[in-house]
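Accompanying notes for the structure given below.
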Amino acid sequence: MRTALFSQNKNKTKTNPTMKQINSTVSAQFKSVCRKTLLASALLCGFSMMANAQTQDGRDFSIDGFAAYEGVAGSNWYRAGGTTGGEGGKVVKADNFSQLQAYLQATDPYVIIVDHDITTGIKCYVDDINTGKLLDDQSGKSGVETTYGERIMVAPNKTLIGVVDPATGKAPLFSHITFVMQSVDNIIIRNCRFTMKGVPVLRTGENKIVAWRNGAQVEVGDPDCIGIQADKVSAKTNWGGHIWVDHCEFFNGDAANKDRYDGLLDCKNNVQWMTFSYNYFHDHDKSCLFGKGNSDIYDGCRTISFHHNFFYNIQGSRLPQQRGGHMHYYNNYMKGCQDGYRLNDQATGYIEACYFEDTKSPIMSKGEKGLHVNKTDGYDVIFKGCSNLLTGYDNIDGAKINGHVTLASSDWVPTQTTSSYIQHYLDKTVDVPAICEKYSGAGKVEIWKAYTDVLPTADIAEFDHAIKNYSTAKTYDAEGKEMSGAATSGIHYVDLAVNNITETEYFDLSGKRLSAPGRGVTIVKATDVQGHVSVKKVVKM
Numbered sequence: 035m036r037t038a039l040f041s042q043n044k045n046k047t048k049t050n051p052t053m054k055q056i057n058s059t060v061s062a063q064f065k066s067v068c069r070k071t072l073l074a075s076a077l078l079c080g081f082s083m084m085a086n087a088q089t090q091d092g093r094d095f096s097i098d099g100f101a102a103y104e105g106v107a108g109s110n111w112y113r114a115g116g117t118t119g120g121e122g123g124k125v126v127k128a129d130n131f132s133q134l135q136a137y138l139q140a141t142d143p144y145v146i147i148v149d150h151d152i153t154t155g156i157k158c159y160v161d162d163i164n165t166g167k168l169l170d171d172q173s174g175k176s177g178v179e180t181t182y183g184e185r186i187m188v189a190p191n192k193t194l195i196g197v198v199d200p201a202t203g204k205a206p207l208f209s210h211i212t213f214v215m216q217s218v219d220n221i222i223i224r225n226c227r228f229t230m231k232g233v234p235v236l237r238t239g240e241n242k243i244v245a246w247r248n249g250a251q252v253e254v255g256d257p258d259c260i261g262i263q264a265d266k267v268s269a270k271t272n273w274g275g276h277i278w279v280d281h282c283e284f285f286n287g288d289a290a291n292k293d294r295y296d297g298l299l300d301c302k303n304n305v306q307w308m309t310f311s312y313n314y315f316h317d318h319d320k321s322c323l324f325g326k327g328n329s330d331i332y333d334g335c336r337t338i339s340f341h342h343n344f345f346y347n348i349q350g351s352r353l354p355q356q357r358g359g360h361m362h363y364y365n366n367y368m369k370g371c372q373d374g375y376r377l378n379d380q381a382t383g384y385i386e387a388c389y390f391e392d393t394k395s396p397i398m399s400k401g402e403k404g405l406h407v408n409k410t411d412g413y414d415v416i417f418k419g420c421s422n423l424l425t426g427y428d429n430i431d432g433a434k435i436n437g438h439v440t441l442a443s444s445d446w447v448p449t450q451t452t453s454s455y456i457q458h459y460l461d462k463t464v465d466v467p468a469i470c471e472k473y474s475g476a477g478k479v480e481i482w483k484a485y486t487d488v489l490p491t492a493d494i495a496e497f498d499h500a501i502k503n504y505s506t507a508k509t510y511d512a513e514g515k516e517m518s519g520a521a522t523s524g525i526h527y528v529d530l531a532v533n534n535i536t537e538t539e540y541f542d543l544s545g546k547r548l549s550a551p552g553r554g555v556t557i558v559k560a561t562d563v564q565g566h567v568s569v570k571k572v573v574k575m
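Those letters in the sequence shown? Residues 35 to 575, per my numbering, in order.
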């Protein structure tokens, strides 16, 4: 284990938020209750003081790499303490898509907890899941049922944490939802699963995600699971960075239809100081693109730590494809893939202790700056059953090779960029497959306890606050309608804190969970502090 050169002292506070709901028909009372709710929440729950420390089996899974680096003082990318996400903000629970969207797009910092799968929940019908072409007739008389997609424009200072659902034994899966980080910084996403499999697209035009908004089909962007970029106004002037994506799973399937989906985790433009660690990428074509094109190269852009990631059955390329920038690529495991890590267009890399198995071309380059390989005994790269290898290497199993690839060389190492670089582990190459199979991906490590001692319950007042205080985009409800608040449904509420209600959930008559009461009949389920449940029907005309 390499010793961390600096550490951050962070404290955890117990979070047990008390929900309040309000009478939406009286604005003065509404504002008063909101103020009381915020005060009560602060007193009863405290604000999150995020603790990054996380261990399992004696192994440290706290933040490291370039995401932990503060950056250069005086630059756009400087952040005291490095990447901290929603530290200092409330710990909240997102029970549905609308709550997830509202919290992630809000002005305030948040640590957002999710413990079950989330989709938009808005049904639509396509010709086939593998093609996803929306039918003209959306009555459901023909076609295959799926759900509309959506986009979340992630705002700065957010942490998203998945909790394993005991009913499924899996971390939450976000289906058909693209998470876009446009010219923002300070984001943490951990222990979540992402897929675009079956996302609907229009019958004509490009394969763009189609959402249902305000009664119409709307294209909302490329089908990337996570897209990091900085071109809101101009790629020449915008910037973003300090992003950590850790212990997540990405997949789409249908690798043969390579144009059906876009990237699993892409970043482009002038973004900086990122770590992508312990992730599992599988069953896809084009996985990770770092740099949009030959012109998408800036001084000091895209300095990335990429470690302990597991690529399996990527029948295409980009594991990742790096254009420009600097990348520390170590302890990654690639199995059953086609084209692997590719350095293009002024890209510089440092590779240590990676294991490549049954992969056509694990490492390739057209770049000018080159790759530095750690050849220390025990930490050099290993090839097994691969076709095209680096010059001077053979497969350890004696498998026949097609040829060798010669790359431009480099002497760059991360400590040349910052002497305070943190690298918790450099595992021996022979151990990498077992380590990645055990720890890479979602649901492998219990992470949420690093952020809160008690899982929060849904908080309607805080949800309402997030909707109204949005930073990047507005929120849409379970019917695809733009929301102006969580308590504007016309139903008269009571102050639930007085009656010791800790959680309120809404359902339609089919049992589908809603973000707020809709038109017609809504089932309202309330739970008090003693666990007693009451259910009633309410009607909105």
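All C-beta atoms, glycine included, are put in the ideal place defined by N, C-alpha and C.
Out of 394, 352, 365, state which residue places its alpha-carbon closest to the alpha-carbon of residue 375. Considering only alpha carbons, the answer is 352.
Status (buried if at least 16 other CB within 10 Å, exposed otherwise) for residue 90: Burial call: exposed.
According to the Cβ coordinates, are residue 299 and residue 348 closer than 8 Å? For residue 299 and residue 348, no; Cβs fall outside 8 Å.
Can you list the alpha helix (DSSP H) stretches of 4 or more residues lying completely in the stretch 446-512, in chain order? Under the rule that a run must span 4 or more residues, the alpha helix (DSSP H) segments found entirely inside the stretch 446-512 read 448-451, 466-473, 494-502.
Segments assigned beta strand (DSSP E), at least 3 residues, entirely inside the stretch 212-258: List check, beta strand (DSSP E) in window: 219-224, 227-229, 243-247, 250-255.
What are the partner residues of residue 283, as DSSP defines its beta bridges? Partner(s): 227, 314.
Between residue 278 and residue 229, how many whole angstroms is the CB-CB distance? I'm expecting something under 8 Å. That pair is no contact at about 21 Å.
Roughly how many angstroms separate the alpha carbons of residue 371 and residue 542, rounded to a whole number? In this structure, the alpha-carbon of residue 371 lies about 44 Å from that of residue 542.
At what residues does the beta strand (DSSP E) containing residue 95 begin and finish? No beta strand (DSSP E) contains residue 95, which DSSP labels as neither H nor E.
Going by DSSP, what residue range makes up the beta strand (DSSP E) through residue 356? Element bounds for residue 356: 355-357.
Between residue 252 and the rest of its own chain, which residues show a CB-CB distance below 6 Å, the 5 nearest in sequence each way excluded? Closer than 6 Å at Cβ, skipping near neighbours: 245.
Could you have a look at residue 405 and say whether DSSP puts it in helix, strand or coil? Strand at residue 405.
Could you say if the stretch 254-271 and the stretch 205-219 meet the contact criterion of at least three C-beta pairs nearer than 8 Å? Yes, they touch.
Given a threshold of 16 other Cβ atoms within 10 Å of its Cβ, counted over all protein chains shown, does residue 237 qualify as buried or as exposed? By the neighbour-count rule (16 or more Cβ atoms within 10 Å), residue 237 is not buried but exposed.
Output needed for residue 137: all residues of its chain with C-beta closer than 7 Å, excluding positions within five of it in sequence on either side, in chain order. The beta carbon of residue 137 sits closer than 7 Å to those of 126, 128, 144, 146, 500, all from its chain and outside the five residues before and after it, given in chain order.
Could you tell me the boundaries of the alpha helix (DSSP H) in which residue 321 lies? Counting along the chain, residue 321 falls outside any alpha helix (DSSP H), and DSSP gives it neither H nor E.
Between which residues of its own chain and residue 10 is the CB-CB distance below 6 Å, once the five residues before and five after are set aside? Residue numbering for the chain in the displayed model covers 35 to 575; residue 10 lies beyond these limits and cannot be assessed.
Give the secondary structure of residue 298 by DSSP, where H, G and I count as helix, E and B as strand, and everything else as coil. Coil, per DSSP.
Report the rounded CA-to-CA distance for residue 576 versus residue 99, giving the unit in angstroms. An answer regarding residue 576 cannot be provided, because it is not within the stretch 35 to 575 covered by the chain.
Beta-carbon gap between residue 197 and residue 489 smaller than 8 Å: Yes, they are a contact pair.
Helix, strand or coil for residue 173? Go by DSSP, reduced to three states. Three-state DSSP puts residue 173 in coil, outside helix and strand.
Host beta strand (DSSP E) of residue 339 (start-end): Looking at the DSSP string, the run of the beta strand (DSSP E) that includes residue 339 is 337-341.
To which residues of the same chain is residue 570 closer than 7 Å at the C-beta, ignoring the five residues directly before and after it? Contacts found: 558.
Consult DSSP for residue 101 and reduce its assignment to one of helix, strand or coil. In this structure, DSSP gives residue 101 a helical state, which the three-state scheme calls helix.
Bridge partners - residue 194, DSSP secondary structure assignment: Partner residues in the beta bridge of residue 194, as assigned by DSSP, are 146, 223.
So, do the stretch 436-450 and the stretch 409-428 have three or more beta carbon pairs nearer to each other than 8 Å? With a cut-off of 8 Å, the stretch 409-428 and the stretch 436-450 count as touching, because enough Cβ pairs lie within range.
The beta strand (DSSP E) enclosing residue 399, as first and last residue numbers: Residue 399 -> beta strand (DSSP E) spans 395-399.
Should residue 406 and residue 383 be called a contact, given that it needs their Cβ atoms to be closer than 8 Å? With contacts defined as CB atoms closer than 8 Å, residue 406 and residue 383 qualify as a contacting pair.
In terms of residue numbering, what span does the beta strand (DSSP E) encompassing residue 207 cover? 207-209 is the span of the beta strand (DSSP E), which, as asked, contains residue 207.
CA-to-CA distance, residue 218 to residue 164, given in whole angstroms: Their Cα atoms are separated by approximately 33 Å.
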